[in-house]
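Here the sequence shown stands for residues 45 to 435, where the numbers follow my numbering. Where a beta carbon is used, it is the ideal one built from N, C-alpha and C, also for glycine. All values reported here derive from a predicted model rather than from experimental measurement. What follows is a set of notes on a single structure, which appears directly below.
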Amino acid sequence: MDIIYMDNNATTKVAPEVLESMLPYLREWYGNASSMHSFGGSVGREIAAAREKVATLINADPGEIIFTSCGTESDSTAINAAIRSNPGKKHIITTRVEHPAIKNLYEYLAKNGYRVTWVPVDKEGVLDLDYLKGNISEDTAIVSVMWANNESGVVFPIDEIARTLRDQGIVFHSDAVQAVGKIPVDVKKTGLDMMSISGHKIHAPKGIGVLYVKKGTKFSPFMIGGHQERNRRGGTENVASIIGLGRASELAISHLEEIDTRVRALRDRLETGLLQKIPNALLNGKKDSRLPNTTNISFEYVEGEAILLMMDQLGICASSGSACTSGSLEPSHVLRAMGVPFTAAHGSIRFSLSTYNTVKEVDFVIENLPPIIERLRKMSPFWKEGACRLQ
Ligand code: PLP
Numbered sequence: 045m046d047i048i049y050m051d052n053n054a055t056t057k058v059a060p061e062v063l064e065s066m067l068p069y070l071r072e073w074y075g076n077a078s079s080m081h082s083f084g085g086s087v088g089r090e091i092a093a094a095r096e097k098v099a100t101l102i103n104a105d106p107g108e109i110i111f112t113s114c115g116t117e118s119d120s121t122a123i124n125a126a127i128r129s130n131p132g133k134k135h136i137i138t139t140r141v142e143h144p145a146i147k148n149l150y151e152y153l154a155k156n157g158y159r160v161t162w163v164p165v166d167k168e169g170v171l172d173l174d175y176l177k178g179n180i181s182e183d184t185a186i187v188s189v190m191w192a193n194n195e196s197g198v199v200f201p202i203d204e205i206a207r208t209l210r211d212q213g214i215v216f217h218s219d220a221v222q223a224v225g226k227i228p229v230d231v232k233k234t235g236l237d238m239m240s241i242s243g244h245k246i247h248a249p250k251g252i253g254v255l256y257v258k259k260g261t262k263f264s265p266f267m268i269g270g271h272q273e274r275n276r277r278g279g280t281e282n283v284a285s286i287i288g289l290g291r292a293s294e295l296a297i298s299h300l301e302e303i304d305t306r307v308r309a310l311r312d313r314l315e316t317g318l319l320q321k322i323p324n325a326l327l328n329g330k331k332d333s334r335l336p337n338t339t340n341i342s343f344e345y346v347e348g349e350a351i352l353l354m355m356d357q358l359g360i361c362a363s364s365g366s367a368c369t370s371g372s373l374e375p376s377h378v379l380r381a382m383g384v385p386f387t388a389a390h391g392s393i394r395f396s397l398s399t400y401n402t403v404k405e406v407d408f409v410i411e412n413l414p415p416i417i418e419r420l421r422k423m424s425p426f427w428k429e430g431a432c433r434l435q
């Protein structure tokens, strides 16, 4: 059975070009970049080249790139650095729809002496910018707003928030794990202080991430250890993955246009096809301000998990919320924050596409999902043919 992979916001396939670039560093070039010998030194030069490629992807200077182990580590490092560099400030602003990598850390800080403002979103997942602006105070240490939401795909107004915060002495961090590689991200143009990236969302392997730290931003390391990453993140470098991320960054730049055109058209075809064929289906997320690869649809009166299992039997991979929250039957905190009714939030499915998807795959899903929903609804005690559409 062929796999139809439409779960690219959870993780992506390692691109063959990326794998090729990594293999020499797992086979022959195993030296330690910190060693005095030239065998290790040449590895150090390749790390520097990869750093430049990653910097180019987001228009940063190479010195502003810190390699980490994942997006979660980048988020934790940014937040810890911001609060440690501003010990007198005890207020944090974030959103109600952050990934658990941010949400759970702020919930922990809220129990440990910090006041956290959770900025709401509306029913289309759009951020309440006035609420954010109205809560900025002299006590605010950090504002963390994700660039794009992993579940709804809604893109947040990062440029405007950066403009609002400029010269206020508040650290502005964005979790751009879902945005980078899917839409243009330019840190110089935007002017934010710190930003997180994850390799496995852009066709590099798992276990490599990046924290962008703007030159001049006060910083203290989270991983205290060796002198690696200019004393900003201790630990021997994950050389092969860093090289792979460099190659993935080059590919990401060259694929941005295709994602904006061909992948967007595939996503739209999938979305329109499903919404037309399946009654009581509701799009979650503002239609015209989303990532071009993501669609999140609620099917009323069915369980997302049941849909996933039945799609799985046909080789279709999608998600019912973020990968980290599936496994729990609670509706996702993102859909709850958007006010999606309980009957619909439970039956929500996220499809997230990549350049590897085809029209044939999309049409297969459009053909095979409606009978799955119909079968499941027939088993549901709550489903009534012709039930009211959701508001
Ligand atoms: N932030 C967002 C928005 C994500 O979607 C994810 C992963 O799903 C992460 C952070 C965590 O990244 P990682 O898996 O590299 O730790």
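Report task. Measuring from each Cβ to the nearest heavy atom of the ligand PLP, keep the ones under 5 Å and list them in chain order. Result -> Cys114, Gly115, Thr116, His143, Ala145, Asn194, Asp219, Val221, Gln222 and Ser242
**Report entry** According to DSSP, residues forming a beta bridge with Asn340
**Finding:** Arg394
Requested in this report: Please state if the CB of Phe263 and the CB of Val254 are separated by a distance shorter than 7 Å.
Outcome: no
Report task. Classify Leu67 as helix, strand or coil using the three-state DSSP reduction. Result -> helix
Report task. Specify the secondary structure class of Gly253 as computed by DSSP and reduced to three states. Result -> strand
Query raised in the report: From Cys368 to Pro106, what does the alpha carbon distance come to, in whole angstroms?
Result: Residue placement at Cys368 is flagged as unreliable, the pLDDT there being 41, under the threshold of 50; a coordinate-derived value is accordingly withheld.
**Report entry** Three CB pairs or more closer than 8 Å across the segment 278-290 and the segment 236-252
**Finding:** yes
Requested in this report: Go ahead and label Ala220 buried or exposed: buried means 16 or more other beta carbons lie within 10 angstroms of its beta carbon, across all protein chains shown.
Outcome: buried
Query raised in the report: Once you ignore the five residues that flank Ala2 on each side, which residues in its own chain have a CB closer than 6 Å to its CB?
Result: The displayed coordinates of the chain run from 45 to 435. Any statement about residue 2 would go beyond what the structure contains.
Query raised in the report: Alpha carbon to alpha carbon, how far is His271 from Asp230?
Result: 28 Å
Query raised in the report: Any idea which residues DSSP pairs Ser120 with across the strands?
Result: According to DSSP, which records beta bridges pairwise, Ser120 is partnered with nothing at all.
Requested in this report: Please go through the segment 279-358 and give each complete alpha helix (DSSP H) segment of 4 or more residues, from N-terminal end onward.
Outcome: 283-302, 308-321 and 348-356
Query - Val58 versus Val141: straight-line alpha-carbon distance, rounded - result: 28 Å
Query raised in the report: Going by alpha carbons, who is nearest to Ser392 out of Ser376, Pro60, Ile205 and Met238?
Result: Ser376
**Report entry** Rounded distance between the beta-carbons of Leu173 and Pro201, thought under 8 Å
**Finding:** 6 Å
Report task. Look up His135 in the DSSP assignment and give the residues it is bridged to. Result -> Arg159 and Thr184
Query - Unbroken beta strand (DSSP E) run spanning Phe111, endpoints - result: Ile109 to Thr112
Query raised in the report: Mapping DSSP to helix, strand and coil, what is Tyr49?
Result: strand
Query raised in the report: With distances taken from CA atoms, which of Thr261, His244 and Lys226 is nearest Gly213?
Result: Thr261
Requested in this report: Would you mind sorting Thr305 into buried or exposed? The rule is 16 or more other CB atoms within 10 Å of its CB.
Outcome: exposed
Report task. Assign Thr280 to one of two classes, buried (16 or more other C-beta atoms within 10 Å of its C-beta) or exposed (fewer than that). Result -> exposed
Query raised in the report: Around the C-beta of Ser366, are 16 or more other C-beta atoms found within 10 angstroms, so that it is buried, or is it exposed?
Result: Reliability fails at Ser366, whose pLDDT of 39 lies under 50, so the model's placement of it is uncertain and no value is given.
Report task. Identify every residue that forms a DSSP beta bridge with Ser242. Result -> Gly253
**Report entry** Three or more C-beta pairs below 8 Å linking the segment 226-241 and the segment 324-337
**Finding:** yes
Query raised in the report: Are there 16 or more other CB atoms within 10 angstroms of the CB of Phe386, so buried, or fewer, so exposed?
Result: exposed
**Report entry** Collapsed DSSP secondary structure at Ala125 in the structure displayed
**Finding:** helix
Report task. Please say whether Leu101 and Ile297 have beta carbons closer to each other than 7 Å? Result -> yes
Query raised in the report: Apart from the five residues on each side of it in sequence, which residues of its chain come closer than 8 Å, Cβ to Cβ, to Ile410?
Result: Arg313, Leu314, Gly317, Leu318 and Lys321
Query raised in the report: Are Val170 and Lys330 close, meaning C-beta to C-beta below 7 Å?
Result: yes
Query raised in the report: Relative to the C-alpha of Phe216, which residue among Asn53, Met80, Ile136 and Arg421 is closest?
Result: Ile136
Requested in this report: Would you check if the distance between the CB atom of Val199 and the CB atom of Met382 is smaller than 7 Å?
Outcome: no
Requested in this report: Please list, in chain order, all residues of the same chain as Leu300 whose beta carbon is under 7 Å from its beta carbon, the five residues on each side excluded.
Outcome: Pro228
Requested in this report: Identify the continuous alpha helix (DSSP H) that holds His377 and give its terminal residues.
Outcome: His377 to Ala381
Query raised in the report: Between the C-alpha atoms of Ile48 and Thr399, what's the straight-line distance to the nearest angstrom?
Result: 13 Å
Report task. Look at the alpha carbon of Arg276 and the alpha carbon of Ser396, and state the distance between them as a whole number of angstroms. Result -> 34 Å
Query raised in the report: Which first and last residues belong to the beta strand (DSSP E) in which Val87 is found?
Result: First-last for Val87: Ser82 to Ile102, but that is the alpha helix (DSSP H), not the beta strand (DSSP E).
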